[in-house]
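Asker:
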Amino acid sequence: MEQGTGARAMGRAWDRFTGTAYPDGGVAPLPAAELRTALLALDGPDVPFRVRDALPSEKADLVAEWRVPTLRLTLRTRLRLVPGSREVRTLHEQWEASTSDSGRQYSRGAGTRVSRQWTYERGPDGRRRWVETFRFDSRDMRDPLRNTVLDAGWTWRPVLFRL
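Residue numbers (this note's numbering): 8 to 170.
So, in structure tokens, the structure goes:
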């Protein structure tokens, strides 16, 4: 048995647990400035979230933010570009209106959140059927960010505590 194999296997298991993703082999890493430009280019009228430069208090390089009024939910992903190791460290946060008097609930981590709302409508044949009226999936923000990072030849590394 090769020495260190167990440590590498543990590393891969931990990476799966944390959501770390590595670029495909053979992808030449882009410079940090080009990756930053590519991430900012995700922002546009056809996407439900916005990508912007981070404020100094956010302790990040970029922030992707999605406000979902229907769910009274705000998702935020702070991104820190680490050129030395060619990785983007990400911290996923969410604020949700609380049912108690405490205001808003805060949580962090890369969990997936999906919400759908349906209603009955009459179809062309006159029969009632379910029609989806609202759809939300947090992967609609996370996946384009992650794919842009991986396509640029960088590692996507979610964290829970510090960028």
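All C-beta atoms, glycine included, are put in the ideal place defined by N, C-alpha and C.
Keep in mind that this is a model prediction, so the values were computed, not measured.
Using only CA atoms, which one of Ala71, Pro90 and Pro52 lies nearest to Arg153?
Answerer: Ala71
Asker: Could you give the DSSP three-state label for Asp158: helix, strand or coil?
Answerer: helix
Asker: Would you mind working out which of Leu47, Leu37 and Arg23 sits nearest Trp161, comparing C-alpha positions?
Answerer: Answer by Cα proximity: Leu37.
Asker: Nearest to Thr7 by CA position, among Arg111, Glu139 and Val54, is which residue?
Answerer: The requested residue 7 does not occur in the structure, where the chain is confined to residues 8 to 170.
Asker: Where does Phe24 fall in DSSP's three states?
Answerer: helix
Asker: With DSSP as the reference, identify every bridge partner of Ser122, one or two as the case may be.
Answerer: Phe143
Asker: Suppose you measure from the CA of Phe168 to the CA of Gly133; what does that come to, to the nearest Å?
Answerer: 54 Å
Asker: Does the pairing of the stretch 77-88 with the stretch 38-46 give three or more beta-carbon distances under 8 Å?
Answerer: yes
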